[in-house]
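Numbering (this note's numbering), first residue to last: 166 to 511.
Note that the Cβ used here is the ideal one computed from N, Cα and C, for glycine as well.
Owing to the predicted nature of the structure, the values given are computational and were not obtained by experimental measurement.
Have a look at the structure below, then the notes.
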Ligand code: TXA
Ligand code: MG
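In structure tokens:
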């Protein structure tokens with residue numbers, strides 16, 4: 166039976182955090198909020214507990230996990246040969262949505278890192294995640310707390326839907342702030358390389374690093390060169406049609422036409438869009454979910470996964486979304502939408 170602990174997201178009650186921390190120490194599975202999305206945590210050094218994460222999610226063993234630490238001073242518990250740059254990035258961006266790929270310490274089980282000789286580490290900034298790390302004193306391995314391949318959870322109710330019957334504790338700290346996952350930055354090569362765009366933007370990293378490479382694309386299951394960067398991921402149940410085109414009014418017109426056509430065939434169509442776009446669909450019997458004002462892409466990021474889940478709950482057959490561009494969080498949004506899509510219209 167799952168135990169749900171409702172905590173204050175800014176000042177989590179120590180007595181409740183203590184219950185979750187003890188569960189982690191006992192090798193149990195604890196879902197908790199981070200500033201990005203909810204994580205499904207277990208003691209990173211307890212191989213049996215980590216194995217339970219993979220089982221609960223239905224996640225293949227070749228997809229490595231992120232290890233969460235309470236402070237940069239814990240970095241040496243997970244990694245070796247830590248470059249100077251890692252310490253400087255830690256100072257600039259931690260606690261926060263940046264995950265660093267470093268050489269792994271032998272004590273970290275191979276199951277956590279999918280047999281790689283590298284490990285992913287981050288210090289989350291959410292008060293609930295931080296207090297859980299501090300109270301338990303252990304490194305927490307935690308992927309996003311969703312069934313494998315589905316959208317990441319940004320609310321406790323999402324975790325409940327996906328994993329409620331498979332985990333021990335759910336710490337409910339309300340809605341997460343950023344809404345998309347951390348940026349994964351590989352520091353083991355000659356140039357720092359973004360493996361997954363996320364909560365820290367490319368612009369922020371470039372301002373700091375000067376040069377940063379971005380490994381785009383993904384690969385089919387099992388054969389990826391960047392493990393876990395699966396092409397098909399973050400998907401709603403409905404078909405997701407992703408419209409990539411620069412001429413905004415032309416693409417909106419095409420979307421409206423396509424929506425009308427699909428509906429005439431009896432399909433239920435969902436539109437996931439900024440308020441300014443949604444205007445153009447008024448009068449049509451489409452299902453809509455607002456990503457907020459078009460000038461605020463961070464708001465779109467915060468609402469993206471909740472929007473996919475909400476439209477799924479309304480049993481739409483397809484969801485139409487337009488490319489947000491690549492500025493700021495746009496790059497991460499585009500990445501998730503591309504991976505979530507069943508069809509891309511260029
Ligand atoms: O914001 C986040 O990062 C959330 C919260 C819970 O911290 N976690 C998360 O975990 O998104 P997950 O498991 O859904 O995604 C982890 C990503 C995967 O894309 C995986 O391939 C990559 O990190 N990763 C982990 N270890 C790696 C490694 N050693 N080398 C390359 N990529 C790695
Ligand atoms: Mg995930």
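Query - Own chain residues within Cβ distance below 6 Å of residue 419, not counting five before or after - result: Closer than 6 Å at the Cβ level, and outside the excluded window around residue 419, lies no residue.
Query raised in the report: For the segment 296-316 against the segment 325-340, are there 3 or more C-beta pairs whose distance is under 8 Å?
Result: Yes, the segment 296-316 is in contact with the segment 325-340.
Query - By C-beta, the residues closer than 7 Å to any heavy atom of the ligand MG, given in chain order - result: Taken from the N-terminal end onward, the list reads 308, 309, 311, 317, 346.
Requested in this report: Locate the beta strand (DSSP E) running through residue 323, then write down its first and last residues.
Outcome: Bounds of any beta strand (DSSP E) do not take in residue 323; it lies within the alpha helix (DSSP H) bounded by 321-328.
**Report entry** Which of helix, strand or coil DSSP assigns to residue 167
**Finding:** Of the three classes helix, strand and coil, the one that applies to residue 167 here is coil, per DSSP.
Report task. Identify whether residue 400 lies in helix, strand or coil by the three-state DSSP scheme. Result -> Note: residue 400 maps to strand in three-state DSSP.
Query - Nearest-angstrom Cα separation, counted from residue 445 out to residue 174 - result: Computed Cα separation, rounded: 37 Å.
Requested in this report: Taking all protein chains shown into account, decide if residue 208 is buried (16 or more other Cβ within 10 angstroms of its Cβ) or exposed.
Outcome: Of the other Cβ atoms in all chains shown, 16 or more fall within 10 Å of the Cβ of residue 208; this residue is therefore buried.
Query raised in the report: So who's on the other strand from residue 266, going by DSSP bridges?
Result: DSSP, once it has assigned bridges, lists 285, 351 as partnering residue 266.
Requested in this report: Using 7 Å as the cut-off, classify the Cβ of residue 361 as near or not near the heavy atoms of the ligand TXA, replying yes or no.
Outcome: It does: the Cβ of residue 361 is within 7 Å (strictly closer) of some heavy atom of the ligand TXA.
Query raised in the report: Taking DSSP as the reference, what is the three-state secondary structure of residue 451?
Result: Residue 451 falls in the coil class under three-state DSSP.
Query - Inter-residue Cα distance where the pair is residue 182 and residue 204 - result: Taking C-alpha positions only, residue 182 is separated from residue 204 by approximately 15 Å.
Query raised in the report: What are the residues that DSSP puts in a beta bridge with residue 483?
Result: Its beta-bridge partners are 404, 434.
Query raised in the report: Can you check whether the CB of residue 442 is closer than 8 Å to the CB of residue 417?
Result: Going by C-beta atoms, residue 417 is nearer than 8 Å to residue 442.
**Report entry** Rounded separation between residue 281 and residue 273 - CA only
**Finding:** Residue 281 and residue 273: Cα-Cα distance of roughly 11 Å.
Requested in this report: Taking all protein chains shown into account, decide if residue 453 is buried (16 or more other Cβ within 10 angstroms of its Cβ) or exposed.
Outcome: Around the beta-carbon of residue 453, 16 or more other beta-carbon atoms lie within 10 Å, marking it buried.
Report task. Rank 491, 222, 480 by C-alpha distance to the C-alpha of residue 381 and give the top, closest one. Result -> The shortest Cα separation from residue 381 among 491, 222, 480 belongs to 491.
Requested in this report: Assuming residue 352 and residue 263 form a contact by the criterion Cβ under 8 Å, report the distance between their Cβ atoms to the nearest whole angstrom.
Outcome: Incorrect: roughly 11 Å between the Cβ atoms, too far for contact.
Report task. Whole angstroms is fine: what's the gap from residue 424's alpha carbon to residue 478's? Result -> Roughly 19 Å between the two C-alpha positions.
Requested in this report: Find out if the Cβ-Cβ distance for the pair residue 346, residue 361 is shorter than 8 Å.
Outcome: Yes, Cβ-Cβ distance for residue 346 and residue 361 is below 8 Å.
Query raised in the report: Roughly how far, in whole angstroms, is the beta-carbon of residue 242 from the beta-carbon of residue 304, given that I think they are within contact range, below 8 Å?
Result: By a beta-carbon distance limit of 8 Å, residue 242 contacts residue 304. Their separation comes to about 6 Å.
Query raised in the report: Just to check, is the beta-carbon of residue 201 closer than 7 Å to a non-hydrogen atom of the ligand TXA?
Result: In terms of side-chain proximity, the C-beta atom of residue 201 is found nearer than 7 Å to a non-hydrogen atom of the ligand TXA.
Query raised in the report: If you drop the 5 nearest sequence neighbours on each side, which residues of the same chain put their C-beta closer than 8 Å to that of residue 178?
Result: Excluding residues up to 5 positions away in sequence, 172 lie with their Cβ nearer than 8 Å to the Cβ of residue 178 in the same chain.
Query - Own chain residues within Cβ distance below 6 Å of residue 224, not counting five before or after - result: The residues 313, in chain order, have a CB closer than 6 Å to that of residue 224 in the same chain once the five nearest residues on each side in sequence are set aside.
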